[in-house]
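Chains as they are written, first to last, in our numbering: chain A, 141 to 460; chain B, 6 to 258.
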């Protein structure tokens with residue numbers, strides 16, 4: 141990604157968070173972020189994908205004020221996160237990756253604490269609705285230690301939403317949760333977006349990004365490798381493969397097919413042709429004709445498309 | 006200023022004390038009562054008056070100071086250490102609240118708790134020994150200043166400590182010995198001359214001396230010097246906290 145580029149910025153789209161040339165080097169010397177720039181759009185769900193240690197948590201920690209950037213600037217709704225930290229932090233809610241909750245505290249009290257900490261007057265009507273939305277209302281007077289892991293994660297979301305933020309950061313929201321709860325969490329995230337909240341989530345589950353995000357950013361080694369709408373990524377970087385099953389296995393490719401870049405399976409029974417589906421001249425018809433001319437008899441033909449996971453793995457591999 | 010946030014931290018910390026009532030308030034009162042039984046009743050009957058004050062009454066200011074210093078540091082250090090330990094500090098660090106407001110919330114609550122404990126011990130002492138407070142406003146002034154100053158010290162310890170051992174290190178190995186050697190149970194005049202000089206390097210001597218003066222008008226050092234020393238100590242703690250906040254020491258990388 142070009143260093144002076146403004147990824148994510150396009151005409152007619154309102155930017156809510158603007159990250160400009162942010163770098164972070166920790167005291168240990170580890171450089172977690174390298175001159176990263178990114179614009180986050182109002183009302184979107186943005187998934188930041190990356191392997192462990194890619195710099196995702198550092199990035200959101202900087203935006204939320206937990207970590208200081210070494211260089212660069214970040215604005216939230218036009219306000220600088222350092223000079224105007226009260227305004228920017230009031231707009232942001234953060235759900236951390238770890239279950240960082242007091243053991244003996246009651247659910248309702250921990251939400252009241254969060255709301256007050258962010259400078260909001262107590263509003264038990266709002267908190268009641270919030271707890272109901274999170275299916276925690278009947279647990280409001282329970283000590284946190286009596287809740288299950290999934291409930292604790294929802295309490296953390298409740299705490300992050302207690303002050304009615306317009307931007308919500310979810311750091312690995314479904315790490316270590318079961319499939320059913322993960323689906324519930326996704327539904328909750330979609331509902332929040334519908335209510336006007338901009339959502340940025342970090343994840344290393346491709347399925348999660350694929351399932352709920354509008355746009356996907358891929359971070360590795362502190363750099364933003366890619367940022368685009370999920371479907372555009374699939375469109376631009378996705379490849380299709382045509383698998384040709386042969387009636388009879390062959391020992392080697394006929395010389396007439398050598399120019400097609402075909403792969404022959406180890407048992408000699410299948411040919412694989414990789415092509416760009418958006419390229420009009422992919423040549424499938426010509427290939428099938430050439431296969432027939434080579435005297436090979438087709439048993440079956442099928443196609444497959446690369447997943448976001450394959451795209452992600454290839455991107456990360458390229459930077460290693 | 007984020008008044009709501011200050012009130013929230015203050016109320017949260019006070020609620021924590023209320024929910025652990027026995028540990029927060031009853032424990033120091035019981036401990037101090039035992040001191041009165043041992044030193045005031047058992048040993049005190051065999052000791053002459055000190056500077057015209059019955060021994061049982063003489064030790065009251067020192068015992069209050071002992072409780073204030075240990076409780077202030079323990080309350081404030083634990084208050085800020087706990088969210089650091091559990092990881093819940095992320096919420097405070099990401100809230101629209103300045104370091105000064107965080108300080109007021111935590112130190113204010115710790116100082117309030119210590120102040121209440123000090124008053125309870127004072128009332129308890131009234132059951133064991135006759136008490137007369139010569140300068141009640143000075144007494145309250147010393148009480149409040151000491152609570153704030155040692156809560157600041159506790160806050161520094163809580164920020165500095167990155168494990169439970171460090172959290173206990175300074176209170177157990179430095180503060181408690183300094184209080185015991187600071188004239189809680191005796192007058193500095195009773196010590197040999199060389200030890201009197203050494204004792205003057207103990208800052209707690211000035212606190213106890215000034216506090217005792219407000220009760221009985223007897224002091225080891227002048228009340229002005231006592232007041233100056235406690236203000237100096239408070240300013241030193243404030244300077245350290247300011248540096249910690251400025252650099253983000255153990256809070257913000």
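Even glycine gets a Cβ: it sits at the ideal position worked out from N, Cα and C. All of these numbers come straight from a predicted model, not from anything done at the bench.
C-alpha of residue 267(A) to C-alpha of residue 317(A): approximately 25 Å in a straight line. With the rule of 3 Cβ pairs closer than 8 Å, the stretch 199–209 of chain A does not count as touching the stretch 379–389 of chain A.
Looking at the backbone, the Cα of residue 167(A) and that of residue 240(A) are separated by about 24 Å.
DSSP, reduced to helix, strand and coil, places residue 252(B) within a helical segment of the structure shown.
For residue 158(A), the enclosing beta strand (DSSP E) covers residues 155–165.
Under the three-state reduction of DSSP, residue 351(A) is assigned to helix. A Cβ of chain A is located within less than 8 Å of the beta carbon of residue 12(B). Less than 8 Å separates the beta-carbon of residue 158(B) from that of residue 78(B). Of all alpha-carbon atoms in 387(A), 231(A) and 291(A), the one lying nearest the alpha-carbon of residue 275(A) is that of 291(A). Contact check between the stretch 175–182 of chain A and the stretch 228–240 of chain B: fewer than three CB pairs, one atom from each, fall below 8 Å, which does not count as touching. As computed with DSSP, residue 309(A) is found in a beta bridge with 234(A) and 340(A). Residue pairing of residue 414(A) in beta bridges, as defined by DSSP: 381(A). Note that the C-beta distance between residue 188(A) and residue 342(A) is below 8 Å.
For the pair residue 308(A) and residue 315(A), the CB atoms are not nearer than the 8 Å cut-off. Shown here, residue 97(B) sits in a helix according to DSSP, grouped into three states. No residue range can be given for residue 58(B), since it is assigned to no beta strand (DSSP E) and is classified by DSSP as neither H nor E. In the DSSP assignment, the residues bridged to residue 180(A) are 157(A). Per the DSSP secondary-structure output, residue 220(A) pairs in a beta bridge with 215(A). Using a Cβ distance threshold of 8 Å, residue 298(A) and residue 270(A) count as a contacting pair. Only those residues of the stretch 232–254 of chain B whose C-beta falls short of 8 Å from the nearest C-beta of chain A are listed: 253. Residue 440(A) is classed as exposed because its beta carbon has fewer than 16 other beta carbons within 10 Å across all chains shown. Our two residues, residue 284(A) and residue 247(A), have alpha carbons roughly 6 Å apart in a direct line.
The beta carbon of residue 138(B) sits closer than 6 Å to those of 144 and 220, all from its chain and outside the five residues before and after it, given in chain order. DSSP places residue 129(B) in the helix class (H, G or I) of the three-state scheme. Under the three-state reduction of DSSP, residue 283(A) is assigned to strand. Against chain B, a Cβ distance below 9 Å from residue 253(A) picks out 13, 14, 16, 17 and 96.
Distance from the CA of residue 392(A) to the CA of residue 454(A), rounded to the nearest whole angstrom, comes to 28 Å. The Cβ atoms of residue 225(B) and residue 253(B) lie no closer than 8 Å to each other. Residue 101(B) belongs to the set of residues whose beta carbon lies under 8 Å from a beta carbon in chain A. Contact with chain A is absent for residue 84(B), since none of that chain's Cβ atoms lies less than 8 Å from the residue's Cβ. Proximity of the stretch 233–243 of chain B to the stretch 82–94 of chain B falls short of the contact definition, fewer than three beta-carbon pairs being nearer than 8 Å. Fewer than three beta-carbon pairs drawn from the stretch 58–77 of chain B and the stretch 98–106 of chain B are found closer than 8 Å, and the two stretches are therefore not classed as touching.
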